[in-house]
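Before any comments, here is the structure.
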């Protein structure tokens, strides 16, 4: 009863006694990420992945369609979320994915040009990411980005044959397009991984923590979300104030190690 009262009435002091020792109340290290598990290729489309990270579960399936080359987006996302996810959180995740797509963080735009159609009429693939956030007890953006990258690593696109003269200005007919059995993976330029850090502030010493219990998130002074490809920071968003100048470089190093551990496991399964 005493511990529950302490936790409820003085949450900062309650967590501080553990965090200054480098652990959470359950004994996990404050620098230890929650376990990640995944399954590839069982969710439809031309590639898919299911990611579980702590209490978050996200599925992503990639669906491909043919189009003539254009200047608009070639990759779009459709997100369905459980009721515990707010529209603001969905918007943040959508914005994050759009930035990665627009900045060609995953691969150059030309990667989606269909090989073998140059002599007739050039065509391109358009990819739609259908994402379902199934559980939300943890860091949702981290799991969504990981599921998206993993699904792309699982993508196999078929070869396409087009019979339509280059100087023929009539619309392309469906019967002029043949989707062949031969398939090939995407040539990914990188495998983005998102990592979220929190700063717990106390009178003794500020601490960087990862994957904290949900009730502890509300007690943190700052939150840093970043996406890395293992060498470069592709996206960075900071909310709150970070007083220690060394914290950011520490977070980048931790994110790079996290990236390597995830990529090594997922690539072994492809």
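Numbering (UniProt numbering), first residue to last: 1 to 270.
Beta carbons are placed, not taken as given, at the ideal position from N, Cα and C, and that holds for glycine.
The model shown is predicted, which means the values in this text are computed figures rather than measured ones.
### Query
Can you tell which of 141, 258, 127 and 190 has its C-alpha closest to the C-alpha of residue 88?
Ranking the options by Cα distance to residue 88, first place goes to 141.
### Query
Buried or exposed: where does residue 138 fall if 16 or more other Cβ atoms within 10 Å of its Cβ makes it buried?
With a 10 Å radius around the Cβ and a threshold of 16 neighbouring Cβ atoms, residue 138 comes out buried.
### Task
Quick one: give me the first and last residue of the beta strand (DSSP E) that residue 206 is part of.
Residue 206: not part of any beta strand (DSSP E); DSSP gives it neither H nor E.
### Message
Given a cut-off of 8 Å on the beta-carbon distance, is the pair residue 93 and residue 144 in contact?
### Response
One thing to note: residue 93 has its Cβ within 8 Å of the Cβ of residue 144.
### Query
If you drop the 5 nearest sequence neighbours on each side, which residues of the same chain put their C-beta closer than 6 Å to that of residue 178?
Once the five neighbours on either side are set aside, the close Cβ partners of residue 178 are 161.
### Simplified DSSP state of residue 43, which is helix, strand or coil
Three-state DSSP puts residue 43 in coil, outside helix and strand.
### Query
Quick check: the stretch 149-158 against the stretch 183-191, are there 3 or more CB pairs under 8 Å?
Remark: three or more beta-carbon pairs, one from each stretch, lie closer than 8 Å, so the stretch 149-158 and the stretch 183-191 are flagged as touching.
### Task
For residue 207, count neighbouring Cβ atoms within 10 angstroms of its own Cβ and tell me buried if that reaches 16, exposed if not.
Residue 207 comes out buried.
### Query
Given that a residue counts as buried once 16 or more other Cβ atoms are within 10 Å of its Cβ, and exposed if not, what is residue 210?
The residue in question, residue 210, is buried, as its Cβ has 16 or more Cβ neighbours within 10 Å.
### Task
On a CA-only basis, which of 236, 212 and 71 is nearest residue 29? Give me that one, please.
Here the closest residue by C-alpha is 212.
### Message
So, with DSSP's three-state summary, where would you put residue 250?
### Response
In this structure, residue 250 counts as helix in the three-state DSSP scheme.
#### Entry: Contiguous beta strand (DSSP E) assignments of at least 3 residues, all confined to the stretch 114-179
Under the rule that a run must span 3 or more residues, the beta strand (DSSP E) segments found entirely inside the stretch 114-179 read 124-137 and 156-162.
### Query
What is the DSSP secondary structure of residue 242, counted as helix, strand or coil?
The answer is coil: DSSP assigns residue 242 none of H, G, I, E or B.
### Query
When the distance is taken between beta carbons, is residue 234 closer than 8 Å to residue 192?
Contact check for residue 192 against residue 234 passes: the beta carbons are separated by less than 8 Å.
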